[in-house]
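Enquirer: Have a look at this one before I ask anything.
Chains as they are written, first to last, in my numbering: chain R, 1 to 112; chain H, 1001 to 1113.
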């Protein structure tokens, strides 16, 4: 089955630690995205990538980093510089920019 | 810049009731419009879309019409079921914002049996 996988579903970390969230897609999509969702709010774009080895900052990139070394993978690192990292993180992809985006199941990160 | 305004929730309905969720938008260009649905603890699923004025998107009994004159894309369903309980997000993308999706805040819908 084609789709987007995110792992793990739940992640717990201590404050001051970096943590990397995984996102893999087998849809052969060019574009990939990372969003953050906080309770009762819409989604906010962290980073996006339209082709391999290239990515752009979204609206809330501070404290996050990404890489896009392979078409199917777009990992997100939440660094210790992110002031409020506890949130639900969603990865998405689209065949090309401007086309509809398909979402993974999300990773809930809790930092204490 | 682009923005999406959705009807505030939560919305609570009885089974078989009519559902409307209002969505209006502001965009610099000619956006594509989307409705996504999120079930508890899950990611978002694309519910329907419309890419130009007067297009009607439909799926699973839900419908929405792209109204350029009123900059709206209201979601409707004639007879809801308990399984329609979810959070619904209106979103747009257009060339003027590098095709990034702009989301509304979401509307929580609860359907009672």
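Cβ coordinates follow ideal geometry from the N, Cα and C atoms, glycine included.
Among the residues of its own chain, which have a CB less than 6 Å from the CB of residue 1051 (chain H), if the five just before and after it don't count?
Expert: Position 51 of the second chain holds residue 1051 (chain H). Once the five neighbours on either side are set aside, the close Cβ partners of residue 1051 (chain H) are 1032.
Enquirer: Taking C-alpha atoms, which residue in R:56, R:22, R:31 and R:45 lies nearest to residue 109 (chain R)?
Expert: For this step, residue 109 (chain R) is matched to residue 109 along the first chain. Looking at the Cα atoms, R:22 is the closest of the given residues.
Enquirer: Which value, in whole angstroms, describes the spacing of the CA atoms of residue 1095 (chain H) and residue 1006 (chain H)?
Expert: As a first step, residue 1095 (chain H) must be located in the second chain, where it is residue number 95. As a first step, residue 1006 (chain H) must be located in the second chain, where it is residue number 6. Their backbone Cα atoms lie some 22 Å apart in a straight line.
Enquirer: Let's see if you can read the secondary structure: which residues bound the beta strand (DSSP E) around residue 1064 (chain H)?
Expert: Counting from one through the second chain, the residue named residue 1064 (chain H) turns up at place 64. 1062-1065 is the extent of the beta strand (DSSP E) around residue 1064 (chain H).
Enquirer: May I have the straight-line CA-CA distance separating residue 67 (chain R) from residue 1085 (chain H), to the nearest angstrom?
Expert: By one-based count along the first chain, residue 67 (chain R) stands at place 67. By one-based count along the second chain, residue 1085 (chain H) stands at place 85. Their backbone Cα atoms lie some 36 Å apart in a straight line.
Enquirer: Give me the subset of the segment 10-21 of chain R whose CB atoms are less than 7 Å from a CB atom of chain H, sorted by chain position.
Expert: The residues in question: there are none.
Enquirer: Please classify residue 1109 (chain H) as buried or exposed, where buried requires at least 16 other C-beta atoms within 10 Å of its C-beta.
Expert: Counting from one through the second chain, the residue named residue 1109 (chain H) turns up at place 109. Looking at its Cβ environment, which holds 16 or more other Cβ atoms inside 10 Å, residue 1109 (chain H) is buried.
Enquirer: Suppose you measure from the CA of residue 1070 (chain H) to the CA of residue 14 (chain R); what does that come to, to the nearest Å?
Expert: Sequence index remark: in the second chain, residue 1070 (chain H) carries index 70 (1-based). Sequence index remark: in the first chain, residue 14 (chain R) carries index 14 (1-based). Computed Cα separation, rounded: 48 Å.
Enquirer: Interface residues of chain R around residue 1099 (chain H) at Cβ under 7 Å?
Expert: Your numbering for residue 1099 (chain H) matches position 99 in the second chain. Correct list: 97 and 98.
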